[in-house]
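K.L.:
Below: one structure in structure tokens.
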């Protein structure tokens with residue numbers, strides 16, 4: 001809305017000029033006033049009214065004449081509104097924001113087919129890089145071929161192998177971390193194959209002193225504190241100092257420093 005009225009009383013405006021930018025082909029211009037007093041106090045008159053319209057170049061949203069362009073159709077500055085070949089919309093010369101239908105933006109060009117190790121993004125009309133573990137794929141979720149020993153459909157590593165984040169084109173054997181390791185990441189073993197047990201980051205045939213082989217978890221589990229060696233969580237094989245097998249309890253007239261209980265003989 002434009003206000004033609006001046007601030008002081010009886011002000012006469014000789015001329016008024018303004019620019020209205022629009023991308024619509026049809027534009028309607030109307031004049032209204034809210035004068036409610038006697039015409040001697042308030043009045044409005046238009047002696048001469050002129051409208052100049054410029055038709056901009058194709059893909060140009062703003063211009064000062066028919067041969068220049070200030071804004072392209074996405075509202076960004078562009079010197080001459082010249083997009084690269086097969087481009088529908090652009091913000092800069094020799095660049096493209098949206099290629100023509102059936103074409104995809106890749107390395108400053110609109111191409112009909114994306115190069116190897118890239119796939120077509122139909123929505124954005126661009127070529128996207130495949131994940132490192134994919135040799136080729138058609139879209140973000142569909143893998144066509146995998147590198148090395150990876151397996152379709154998702155180019156995952158086969159059993160007993162792991163992903164190395166520093167080199168994703170191949171899978172590496174968990175046995176490289178520890179012989180007998182079945183599940184791992186690139187640094188630690190997480191599970192071992194029978195008959196081995198996981199102890200720290202290693203798969204061992206016999207758990208060290210103070211631990212027992214848990215066949216349910218395939219891990220070396222710590223014995224109770226009162227046991228030197230044990231067969232399971234409830235059975236001690238050898239005891240510390242003067243404790244009594246098989247449970248490694250304290251003898252009569254002595255107490256356990258861990259729970260402060262005293263054994264009496266009646």
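In UniProt numbering, the protein residues as written are 1 to 266. From the three backbone atoms N, C-alpha and C, an ideal C-beta is built for every residue, glycine too. It should be emphasised that the depicted structure is a prediction, and the values quoted were computed from it without experimental measurement.
Residues in its own chain within less than 8 Å of residue 208 by CB, not counting five upstream and five downstream?
P.N.:
Excluding its 5 nearest sequence neighbours in each direction, residue 208 has C-beta neighbours in its own chain below 8 Å: 199, 220, listed in chain order.
K.L.:
For residue 161, count neighbouring Cβ atoms within 10 angstroms of its own Cβ and tell me buried if that reaches 16, exposed if not.
P.N.:
With 16 or more Cβ atoms within 10 Å of its Cβ, residue 161 is classed as buried.
K.L.:
Within the continuous beta strand (DSSP E) that includes residue 120, where are the two ends?
P.N.:
118 to 121
K.L.:
Can you tell me which of 123, 117, 90, 122 puts its alpha carbon nearest to the alpha carbon of residue 109?
P.N.:
90
K.L.:
Within this structure, are the beta carbons of residue 131 and residue 114 separated by less than 9 Å?
P.N.:
No. Outside cutoff.
K.L.:
Any idea what DSSP makes of residue 176, helix, strand or coil?
P.N.:
helix
K.L.:
Which residues does DSSP pair with residue 211 in a beta bridge?
P.N.:
222
K.L.:
When you compare only the Cα positions, how much space is there between residue 148 and residue 168?
P.N.:
10 Å
K.L.:
Taking residue 45 as the reference, which of 51, 227, 103, 33 has the closest Cα?
P.N.:
33
K.L.:
Could you check the C-alpha separation between residue 255 and residue 187 for me, to the nearest Å?
P.N.:
45 Å
K.L.:
Please tell me whether residue 126 and residue 134 are closer than 9 Å, where the distance is taken between their beta carbons.
P.N.:
no
K.L.:
Cutting at 6 Å between CB atoms, please list the residues of its own chain near residue 222, excluding the five before and the five after it.
P.N.:
211
K.L.:
If you drop the 5 nearest sequence neighbours on each side, which residues of the same chain put their C-beta closer than 7 Å to that of residue 172?
P.N.:
161, 162, 164
K.L.:
According to DSSP, is residue 89 part of a helix, a strand, or is it coil?
P.N.:
The three-state reading of DSSP puts residue 89 in strand, counting E and B together.
K.L.:
On a Cα-Cα basis, can you pick out the residue from 249, 51, 41, 215 that is closest to residue 228?
P.N.:
249
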